[in-house]
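Counted the way the numbering used here counts, the sequence shown spans residues 2 to 465.
By construction, the Cβ of each residue, glycine as well, lies at the ideal position given by its N, Cα and C atoms.
Shown next, in structure tokens, is the structure this report addresses.
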Amino acid sequence: MEACCRYCGFCKQLDRAAVVLLAKMKTVENDMEQKRTATLDLGNGSLPLEFPIMAGSMGPEVVDIRSLHARSGVFTYDPGYFSTASCSSKITFIDGDAGILLYRGYPIEQLARQCDFMEVCYLLMNGELPTSDQKMSFDNTIKEHTMVHEQLARFYTGFRRDAHPMAVMVGVVGALSAFYHDAMDISDAAQRELSAFRLVAKLPTITAMAYKYNIGQPFIYPHNNLNYAENFLHMMFATPAEEYKSNPVLARALDRILILHADHEQNASTSTVRLSGSSGANPFACISAGIACLWGPAHGGANEACLNMLEEIGDVSRIGEYIKRAKDKNDSFKLMGFGHRVYKNFDPRAKLMRETCHEVLNELGLQNDPLFKLAMELEKIALEDEYFISRKLYPNVDFYSGIVQRALGIPVSMFTAIFAMARTVGWIAQWSEMISDPEYKIGRPRQLYTGAATRDVVTIALRK
Ligand code: CMC
Numbered sequence: 002m003e004a005c006c007r008y009c010g011f012c013k014q015l016d017r018a019a020v021v022l023l024a025k026m027k028t029v030e031n032d033m034e035q036k037r038t039a040t041l042d043l044g045n046g047s048l049p050l051e052f053p054i055m056a057g058s059m060g061p062e063v064v065d066i067r068s069l070h071a072r073s074g075v076f077t078y079d080p081g082y083f084s085t086a087s088c089s090s091k092i093t094f095i096d097g098d099a100g101i102l103l104y105r106g107y108p109i110e111q112l113a114r115q116c117d118f119m120e121v122c123y124l125l126m127n128g129e130l131p132t133s134d135q136k137m138s139f140d141n142t143i144k145e146h147t148m149v150h151e152q153l154a155r156f157y158t159g160f161r162r163d164a165h166p167m168a169v170m171v172g173v174v175g176a177l178s179a180f181y182h183d184a185m186d187i188s189d190a191a192q193r194e195l196s197a198f199r200l201v202a203k204l205p206t207i208t209a210m211a212y213k214y215n216i217g218q219p220f221i222y223p224h225n226n227l228n229y230a231e232n233f234l235h236m237m238f239a240t241p242a243e244e245y246k247s248n249p250v251l252a253r254a255l256d257r258i259l260i261l262h263a264d265h266e267q268n269a270s271t272s273t274v275r276l277s278g279s280s281g282a283n284p285f286a287c288i289s290a291g292i293a294c295l296w297g298p299a300h301g302g303a304n305e306a307c308l309n310m311l312e313e314i315g316d317v318s319r320i321g322e323y324i325k326r327a328k329d330k331n332d333s334f335k336l337m338g339f340g341h342r343v344y345k346n347f348d349p350r351a352k353l354m355r356e357t358c359h360e361v362l363n364e365l366g367l368q369n370d371p372l373f374k375l376a377m378e379l380e381k382i383a384l385e386d387e388y389f390i391s392r393k394l395y396p397n398v399d400f401y402s403g404i405v406q407r408a409l410g411i412p413v414s415m416f417t418a419i420f421a422m423a424r425t426v427g428w429i430a431q432w433s434e435m436i437s438d439p440e441y442k443i444g445r446p447r448q449l450y451t452g453a454a455t456r457d458v459v460t461i462a463l464r465k
């Protein structure tokens, strides 16, 4: 009689008492695993403290230090959150060293090649990929919500025509919070879901309206017999006088941009959405906060900054000068579209975006586009440079997404707004996950105070 594993094949053939004994052993083993601790000696003569180690389903374990302050009076110090897990989440997993990105366990490469954005939205929101029927029903639900209230359209006129689209997005998406008083109870899962549907459905409409307002054209209403990406292109490029015929290769490229940007774990804007939401704030206002954070050039604003940088470099002959500036500690210039806090070998989204970049430029006959050639040369030179190699600085998704969007005819100032449109589903899925977590608490970091020690006010006449 041979055991195929420690507990199953063999124990099936033992008597009941032996099975119970083995089960008990397994529980003790599990308990021991659960009780692994990390010891912290503060070096101040107090007894060392034990903290539980928690393991997720993948990725590094974490030390649960929630009781640290209550037991010792000290805080941890981690500006920039280099070593801090701010929450537990089942949505997205990244292994930055191995260049792995999973949504709900599925590799981004498979999702990008085999699914469309609506399937990915369903996955992020519900945890599983939809069946055909579920997909059809989800598509229809999203389509029911694509229009915005006519009063919201008036909101745009308060902005200058030349306002940056991200400024308009922050304002208009925040304004949505004033429109849906029927779904204000965030403790109700159905109401949270309704807000999520509204956000995912309306973001393309709102984004395209920001563009139309900017160029002084009339707003174009959504067309619900088009898919999500086609509909966005239609609202961007059709006019009341002329239809827009979308090219399937280009619509698919946009769909891929949306998939690749849909979620990215606890990045700056997602953490902003979670932190704003942790006070119980309105979900539309929280997404607006996420958009504000995304706008920065170190985050989503990098795609716009990257294209502006390429245009500023202008010619292959000037690459050396800019690489030199990027390496100079006294120069604040950085090579935009390079580097990532988490990815230290390659950004898997960048690989897929590079592929799309070639497809789109081939389709449009733009392989010899000077800006694309310049980008490819810059990529090559930077990848061979010791400064970039030693710091593990590789092109990130934004290096290529700007080139693709430009080829689709999208103006540079709209790039980050499209990133926001894609990321909205991730933000709202993460927000909803947090609200439904029984352990969630208002986010409240602590600080290391380095200001003046307590002192007395001197009356103004006596101050020197
Ligand atoms: N060009 C030149 N040097 C760089 C760059 C760059 N793009 N990125 C990082 N470095 C240097 C940095 O100066 C530092 O050098 P040293 O060790 O000598 O002081 C070292 O590399 C480590 O950089 P860091 O700033 O400590 O790394 P970080 O994890 O805090 O920052 C980053 C990550 C993405 C903010 C940064 O790499 C960056 O600003 N890149 C350009 C902006 C960009 O493309 N952002 C888009 C990120 S992808 C989209 C998204 O997910 O939001």
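Distance check for residue j and residue i, CA to CA, integer angstroms please.
{"i": "A421", "j": "I187", "result": "22 Å"}
{"i": "P86", "j": "R445", "result": "One detail in the question is off: residue 86 reads as Ala in this sequence, not Pro. For A86 and R445, the distance between alpha carbons rounds to 14 Å."}
{"i": "K136", "j": "Q406", "result": "27 Å"}
{"i": "R350", "j": "I109", "result": "8 Å"}
{"i": "E244", "j": "Q218", "result": "14 Å"}
{"i": "G46", "j": "A39", "result": "18 Å"}
{"i": "A290", "j": "Q267", "result": "15 Å"}
{"i": "N346", "j": "D386", "result": "15 Å"}
{"i": "H359", "j": "I429", "result": "32 Å"}
{"i": "P371", "j": "L362", "result": "12 Å"}
{"i": "V29", "j": "R37", "result": "Since pLDDT at V29 reaches only 47, below the 50 mark, its modelled position is unreliable, and the value read off the structure follows with that caveat. Looking at the two C-alpha atoms, the distance is approximately 13 Å."}
{"i": "G128", "j": "D316", "result": "46 Å"}
{"i": "A418", "j": "E120", "result": "21 Å"}
{"i": "M126", "j": "V426", "result": "7 Å"}
{"i": "K465", "j": "Y450", "result": "26 Å"}
{"i": "C9", "j": "S58", "result": "In this predicted model, C9 has a pLDDT of only 40, less than 50, meaning its place in the structure is not dependable enough to derive any value."}
{"i": "C287", "j": "L48", "result": "43 Å"}
{"i": "F139", "j": "H70", "result": "46 Å"}
{"i": "L22", "j": "I258", "result": "At L22 the pLDDT is 38, less than 50, meaning the model places this residue with poor confidence and gives no usable figure here."}
{"i": "Q448", "j": "T77", "result": "9 Å"}
May I ask which residues mark the beginning and end of the alpha helix (DSSP H) holding residue i?
{"i": "P412", "result": "Taken as a continuous stretch (DSSP letters only), P412 belongs to no alpha helix (DSSP H), as it is neither H nor E."}
{"i": "L43", "result": "Here L43 belongs to no alpha helix (DSSP H), and DSSP marks it neither H nor E."}
{"i": "M210", "result": "A190 to I216"}
{"i": "E364", "result": "P349 to E364"}
{"i": "E51", "result": "Premise fails: E51 lies in the beta strand (DSSP E), L50 to M55, not in any alpha helix (DSSP H)."}
{"i": "L311", "result": "A303 to I314"}
{"i": "C294", "result": "P284 to L295"}
{"i": "H70", "result": "L69 to S73"}
{"i": "S272", "result": "A269 to G278"}
What does residue i pair with, by DSSP beta-bridge criteria?
{"i": "M126", "result": "In DSSP, M126 forms no bridge with anything."}
{"i": "P396", "result": "F339"}
{"i": "P108", "result": "L103"}
Less than 7 Å between the CB of residue i and some heavy atom of the ligand COA, yes or no?
{"i": "N397", "result": "In the structure shown, the ligand COA is absent; the only ligands present are the ligand CMC."}
Taking the continuous beta strand (DSSP E) assigned at residue i, which residues delimit it?
{"i": "P166", "result": "Not the beta strand (DSSP E): P166 falls in the alpha helix (DSSP H), residues P166 to A176."}
{"i": "E244", "result": "Per DSSP, E244 belongs to no beta strand (DSSP E) and is neither H nor E."}
{"i": "F238", "result": "No beta strand (DSSP E) contains F238, which is instead part of the alpha helix (DSSP H) from Y229 to F238."}
{"i": "M377", "result": "Note, M377: premise wrong, no beta strand (DSSP E); alpha helix (DSSP H) at P371 to E385."}
{"i": "P446", "result": "Where P446 is concerned, there is no enclosing beta strand (DSSP E), given that its DSSP letter is neither H nor E."}
{"i": "Y323", "result": "Counting along the chain, Y323 falls outside any beta strand (DSSP E), though it belongs to the alpha helix (DSSP H) covering I320 to K328."}
{"i": "L367", "result": "Counting along the chain, L367 falls outside any beta strand (DSSP E), and DSSP gives it neither H nor E."}
{"i": "I101", "result": "I101 to Y104"}
Report the three-state DSSP secondary structure of residue i (helix, strand or coil).
{"i": "F94", "result": "strand"}
{"i": "F160", "result": "coil"}
{"i": "V64", "result": "strand"}
{"i": "Y388", "result": "helix"}
{"i": "I461", "result": "helix"}
{"i": "A39", "result": "strand"}
{"i": "P219", "result": "coil"}
{"i": "Y181", "result": "coil"}
{"i": "V29", "result": "Here V29 scores only 47 on pLDDT, less than 50, and its place in the model should not be relied on; the value that follows carries that caveat. If DSSP states are grouped into helix, strand and coil, V29 belongs with the helices."}
{"i": "M137", "result": "helix"}
{"i": "G81", "result": "coil"}
{"i": "R424", "result": "helix"}
Under a Cβ-count criterion, where at least 16 other Cβ atoms within 10 Å of its own Cβ denotes burial, should residue i be classed as buried or exposed?
{"i": "L43", "result": "exposed"}
{"i": "E380", "result": "buried"}
{"i": "L215", "result": "A small fix is needed here, since residue 215 is Asn in this sequence, not Leu. The residue in question, N215, is buried, as its Cβ has 16 or more Cβ neighbours within 10 Å."}
{"i": "S318", "result": "exposed"}
{"i": "S247", "result": "buried"}
{"i": "A411", "result": "A small correction: the amino acid at residue 411 is Ile; Ala does not occupy that position in the sequence shown. By the 10 Å Cβ count, I411 comes out buried."}
{"i": "V201", "result": "buried"}
{"i": "G321", "result": "exposed"}
{"i": "K325", "result": "exposed"}
{"i": "D399", "result": "buried"}
{"i": "H341", "result": "buried"}
{"i": "E231", "result": "buried"}
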